[in-house]
Structures are given as structure tokens and as C-alpha cells.
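**Student:**
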Amino acid sequence: MYVSHYFEWESAVTGGHYQTVQNQRRVLDDHGVAYTTDPDPTADLLHLNNMGP
Numbered sequence: 239m240y241v242s243h244y245f246e247w248e249s250a251v252t253g254g255h256y257q258t259v260q261n262q263r264r265v266l267d268d269h270g271v272a273y274t275t276d277p278d279p280t281a282d283l284l285h286l287n288n289m290g291p
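If you use the numbering used here, the sequence shown closes out at 291, no skipped numbers anywhere.
Right, dumping it as C-alpha cells:
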């Protein structure tokens, strides 16, 4: 499985939302799931952490 794990405005957001994304990525790493932090339409799964409305 290949996951696109995208976090909108990653360089600007801090605090709890940022920590949640880091925890999600740690779980992916711990389970050996390959992922990218870019929006990738070829991924098997798209996980968006969207800060917009």
C-alpha cells in the first residue's frame, strides 16, 4: 500500500494539529507503510489533513 499523507500548510501550522499529523506518520512508519507527504494521485489511499474551510 502507498499512501499520500498530505497536510495543508504544514510549514505554517503548529500545536495540536501538527502533533496529530506527526503521530499519524509515526504509526505509518511503525507499520512499514510507504507514504509521501505530497498530494499524489497515484497513491492507493489519500489522507488529507485540511486546514481550510
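All C-beta atoms, glycine included, are put in the ideal place defined by N, C-alpha and C.
Given the structure is predicted, the values throughout are model-derived calculations rather than measurements.
1) Buried or exposed for Tyr240, please, with buried defined as at least 16 other CB atoms from any protein chain shown within 10 angstroms of its CB.
2) List the endpoints of the continuous beta strand (DSSP E) containing Thr274.
3) From Glu246 to Leu283, what does the alpha carbon distance come to, in whole angstroms?
4) From which residue to which residue does the alpha helix (DSSP H) around Val251 run?
5) Quick check on His269: does DSSP put it in helix, strand or coil?
**Tutor:** In brief:
1) Looking up residue 240 in the sequence shown gives position 2. That one is exposed.
2) If you number the sequence shown from 1, residue 274 lands on position 36. For Thr274, the enclosing beta strand (DSSP E) covers residues Ala272 to Thr274.
3) Working through the sequence shown from its first residue, we reach residue 246 at position 8. Working through the sequence shown from its first residue, we reach residue 283 at position 45. The straight-line gap from Cα to Cα measures roughly 16 Å.
4) As a first step, residue 251 is located in the sequence shown; it is residue number 13 there, counting from the start. For Val251, no alpha helix (DSSP H) segment is defined, and its DSSP state is neither H nor E.
5) The residue labelled residue 269 in the question sits at position 31 within the sequence shown. Per DSSP, reduced to three states, the secondary structure at His269 is coil, with no helix or strand assignment.
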